[in-house]
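Numbering of the sequence shown is given in the numbering used here, commencing with residue 70 and proceeding in unit increments. Cβ coordinates follow ideal geometry from the N, Cα and C atoms, glycine included. This structure is a prediction, so every number in the text was calculated from the model and none was measured. Notes to accompany the following structure.
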Amino acid sequence: MNFVVVIPARYGSARLPGKPLADIAGKPMVVHVADRARESGAREVVVATDDRRIHEAVAKHGHEAMMTRPDHTSGTDRIAEVAIARGWPDDLIAVNIQGDEPRMPPQLVRAVARQLADHRDAAIATACHRVHSAAEMFDPNAVKVVLDKHGYAAYFSRAPIPYARDAFKADTSRLPQGLPVYRHLGLYAYRCGFLKVYSTLPPAAIEQFESLEQLRALWHGYRVSVAVTDQAPDPGVDTPEDLEKMRRAFLTGTGSPV
Numbered sequence: 070m071n072f073v074v075v076i077p078a079r080y081g082s083a084r085l086p087g088k089p090l091a092d093i094a095g096k097p098m099v100v101h102v103a104d105r106a107r108e109s110g111a112r113e114v115v116v117a118t119d120d121r122r123i124h125e126a127v128a129k130h131g132h133e134a135m136m137t138r139p140d141h142t143s144g145t146d147r148i149a150e151v152a153i154a155r156g157w158p159d160d161l162i163a164v165n166i167q168g169d170e171p172r173m174p175p176q177l178v179r180a181v182a183r184q185l186a187d188h189r190d191a192a193i194a195t196a197c198h199r200v201h202s203a204a205e206m207f208d209p210n211a212v213k214v215v216l217d218k219h220g221y222a223a224y225f226s227r228a229p230i231p232y233a234r235d236a237f238k239a240d241t242s243r244l245p246q247g248l249p250v251y252r253h254l255g256l257y258a259y260r261c262g263f264l265k266v267y268s269t270l271p272p273a274a275i276e277q278f279e280s281l282e283q284l285r286a287l288w289h290g291y292r293v294s295v296a297v298t299d300q301a302p303d304p305g306v307d308t309p310e311d312l313e314k315m316r317r318a319f320l321t322g323t324g325s326p327v
């Protein structure tokens with residue numbers, strides 16, 4: 070299977086400015102992400118950034134980087150710029166790994182590319198895993214996805230969905246047995262032809278309010294195929310507290326998933 074990986078990495082972050090360059094075990098975080106991507110078997114790995122400091126750090130560690138426009142509204146728009154600039158063919162699969170996921174398993178990257186290759190009617194493929202705690206379900210930083218019977222995404226949200234009305238009326242401290250709650254993982258595969266279309270689609274209100282770029286595709290009627298996996302990486306780095314947890318994980322020798 071032939072696929073490429075693009076890692077969008079912008080410098081600005083409301084909660085953690087300069088996040089891609091945060092040091093973890095002697096390397097910038099985005100370099101760890103690129104290392105994992107390279108292990109997936111991707112034909113090319115490119116870090117797409119809006120900041121010269123990130124570009125230089127990535128190149129220093131032997132990975133390829135590309136400067137992109139600073140005004141993109143989403144990581145997918147940034148990846149579309151790379152696909153167009155590179156002249157990648159429409160049927161080539163491009164996998165988007167978030168630049169704050171330094172423990173993304175390489176096998177999962179490949180599995181999401183395979184998910185798209187196997188579902189020709191989908192514009193996007195992604196992954197999720199089962200949620201087992203109410204704390205995770207009610208955490209707005211944990212994005213949930215509801216699936217239809219064929220494994221396509223019906224909706225993504227930071228809200229607790231699907232909401233067990235009667236059970237949660239009595240107790241919100243635990244999940245009722247059998248509730249199908251899935252956490253979305255920040256990993257996407259696209260065909261480059263769709264990326265070129267995506268960059269022309271106007272943002273949707275649900276995308277902007279939820280701050281979830283995948284909702285643009287759903288709102289415009291495109292299908293998203295979702296692989297359910299048990300191989301869930303640790304959550305990405307969104308806050309200074311998350312960064313310290315990630316640093317401790319690497320120091321204890323658990324920072325390089327196989």
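Asked, Found
"Considering only residues of the same chain and omitting the five flanking positions on each side of L177, which have a CB-CB separation below 8 Å?", "A196, L254, L256, T298, Q300, P302"
"Could you have a look at T145 and say whether DSSP puts it in helix, strand or coil?", "helix"
"Near R222, what residues of its chain come up, given a Cβ to Cβ distance below 6 Å and the 5 sequence neighbours on each side ignored?", "Looking at the sequence provided, one finds Ala at residue 222 rather than Arg. Cβ neighbours of A222 beyond the five flanking positions: V214, V293, V295."
"Since V164 and E113 are thought to touch, with beta carbons under 8 Å apart, how far apart are those beta carbons, to the nearest angstrom?", "Not quite, the Cβ-Cβ distance comes to about 11 Å (not below 8 Å), so this is no contact."
"Figure out for me which residue from E150, H198, G262 has the closest Cα to the Cα of P158.", "G262"
"Please name the residue in D160, D146, K129 whose C-alpha comes closest to that of L270.", "D146"
"Starting from I153, follow its DSSP beta bridges and name the residues at the other end.", "None, per the DSSP bridge assignment."
"So, helix, strand or coil for L85, using DSSP?", "coil"
"Exposed or buried, M70, counting other C-beta atoms within 10 Å across all chains shown (16 or more means buried)?", "exposed"
"What is the rounded straight-line gap between the Cα of R234 and the Cα of K96?", "46 Å"
"From D311 to R227, what distance separates their C-alpha atoms?", "18 Å"
"What number of angstroms, rounded off, separates the C-alpha of P139 from the C-alpha of E150?", "11 Å"
"Within 8 Å, do at least three Cβ pairs link the segment 101-109 to the segment 167-181?", "yes"
"Can you tell me whether D92 is helix, strand or coil according to DSSP?", "strand"
"Please name the residue, chosen from L320, E205, V306, A258, that lies closest to A111 on a Cα-to-Cα basis.", "A258"
"Once DSSP output is grouped into helix, strand and coil, what is the label at I230?", "coil"
"Should K265 and I153 be called a contact, given that it needs their Cβ atoms to be closer than 8 Å?", "yes"
"What residue does the alpha helix (DSSP H) around P309 start on, and which one ends it?", "309-320"
"Can you give the Cα-Cα distance for G290 and L320, rounded to whole angstroms?", "44 Å"
"Quick check on this structure: which residue in D160, V200, H198 has the alpha carbon closest to the alpha carbon of D190?", "D160"
"Would you grab the beta carbon distance between V250 and V200 for me? Rounded to a whole angstrom, and I think it's under 8 Å.", "4 Å"
"Hey, which unbroken runs of the alpha helix (DSSP H) at 4 residues or more fall wholly within the segment 204-253?", "234-239"
"Within 10 Å of its beta-carbon, does Y267 have 16 or more other beta-carbons around it, so buried, or fewer, so exposed?", "buried"
"Could you tell me the distance, in whole angstroms, from the CA atom of G156 to the CA atom of V127?", "22 Å"
"Count the other CB atoms, across all protein chains shown, that sit within 10 Å of the CB of R122; report buried if there are 16 or more and exposed otherwise.", "exposed"
"Give me the Cα-Cα distance between F225 and L287, rounded to the nearest whole angstrom.", "9 Å"
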